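A quick write-up on the structure given underneath.
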Amino acid sequence: MAIKPKKSLGQNFLKDRNIILKIAALANPDLPVIEIGPGTGALTEELLKKFPGLKAIEIDSRAIEVLKEKFPYGEYPDFEIIHSDILKTDISAIYKKDFQVMGNIPYYISSQIFFQLYDATGYLKQAVLMIQKDLAKRLIAPVGRKDYGILTIAMALKGKCTIEFDVSPHCFYPQPKVTSSVIKMVFNPVVNDSDFKSIMRIVRIAFSQRRKVLGNCLKPIINALPDGKEEFIGRLNKVGMDAEKTLRQRAEQLTIDEYILLNKCLNQNIIDNSSR
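In this note's numbering, the protein residues as written are 35 to 310.
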């Protein structure tokens with residue numbers, strides 16, 4: 035049984051067996067797997083050889099029918115297909131213990147999926163994903179580069195990402211217009227969930243007008259302080275940041291550690307009120 039890929043779901047089915055094997059080989063053998071968007075089961079088939087208790091999250095009912103036909107319950111009694119939208123799924127509740135995620139995810143919602151995964155890093159230890167190459171580069175961009183931004187900082191706060199290999203458009207049906215990359219995210223958060231959310235609020239404000247210096251971008255926060263800019267400068271200096279230099283810098287010039295320090299300077303309530 036074959037199905038026609040739906041453009042609305044961002045479906046590009048992987049057909050190159052060598053690439054499928056390379057992706058499967060990146061799985062951590064000691065962690066159970068959740069596969070995102072199994073489609074017609076190309077990667078699923080390889081994962082089931084090592085992970086018979088595989089859980090797969092699929093939104094397309096047509097693909098689910100294919101998976102049930104290809105992997106019948108009688109032969110794969112521990113394989114579970116979850117008919118759901120990944121963005122509306124609490125993946126931590128599926129195993130309620132340490133696990134990993136794998137999949138060829140829709141490019142148009144990749145960023146949203148990343149933050150879905152970041153919310154699950156209490157149990158989620160690793161993710162192996164196929165994404166657009168340009169997006170993969172943004173996850174590991176060095177400070178000061180044009181592609182250094184919100185996604186870079188969020189990833190660094192939650193763990194480490196590596197680009198394992200690139201995948202040609204010819205390996206898919208239909209062929210996407212871009213080159214893909216397989217990435218591996220290893221999660222080891224450097225801040226707690228509360229600080230992560232607080233830091234990311236600051237980061238989003240800073241990058242909302244990335245051509246402007248931080249002193250201008252952060253004005254809503256600065257003005258909310260009882261003594262305004264003077265107090266803000268005092269707080270920056272107190273945590274070891276050069277206040278005048280920091281206020282003259284642009285968002286992409288601050289390191290991950292400097293964003294962590296910037297968060298320590300600011301009261302959570304002030305950030306919340308200024309971003310409403």
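Quick reminder that beta carbons are idealized off the backbone N, C-alpha and C, glycines included.
These figures come from a predicted structure and were not determined experimentally.
query: Classify Thr-196: buried if its beta carbon has 16 or more other beta carbons within 10 angstroms, exposed otherwise.; result: exposed
query: Using only CA atoms, which one of Ile-255, Glu-103 and Lys-298 lies nearest to Asn-271?; result: Lys-298
query: Identify whether Ala-240 lies in helix, strand or coil by the three-state DSSP scheme.; result: helix
query: Let me confirm a value: Asp-94 is counted as buried when at least 16 other C-beta atoms fall within 10 Å, else exposed. Which label applies?; result: buried
query: Since Leu-101 and Glu-92 are thought to touch, with beta carbons under 8 Å apart, how far apart are those beta carbons, to the nearest angstrom?; result: 7 Å
query: Distance check for Lys-171 and Leu-295, CA to CA, integer angstroms please.; result: 25 Å
query: Within the continuous beta strand (DSSP E) that includes Ala-90, where are the two ends?; result: 89-92
query: Quick check on Arg-269: does DSSP put it in helix, strand or coil?; result: helix
query: In terms of residues, what are the limits of the beta strand (DSSP E) holding Thr-196?; result: 193-201
query: Please say whether Leu-60 and Lys-194 have beta carbons closer to each other than 7 Å?; result: no
query: May I ask you to report which of helix, strand or coil DSSP gives Arg-284?; result: strand
query: Tell me the DSSP secondary structure of Tyr-141 in three-state form.; result: helix
query: Look at Phe-241 and Ile-290 and say whether their C-beta atoms are less than 7 Å apart.; result: no
query: Touch check for the stretch 202-217 and the stretch 248-261: three-plus C-beta pairs under 8 Å?; result: no
query: Excluding the 5 residues preceding and the 5 following Gln-283 in the sequence, name in chain order all residues of the same chain whose CB lies nearer than 8 Å to its CB.; result: Val-247 and Leu-248
query: Work out the CA separation of Ala-190 and Ile-236 for me, nearest whole Å.; result: 15 Å
query: Can you find the residues in the same chain that come closer than 7 Å, C-beta to C-beta, to Asp-112, ignoring five residues on each side of it along the sequence?; result: Pro-86 and Gly-87
query: Please determine, among Val-67, Lys-253 and Gly-75, the residue with the shortest C-alpha to C-alpha distance to Asp-50.; result: Gly-75
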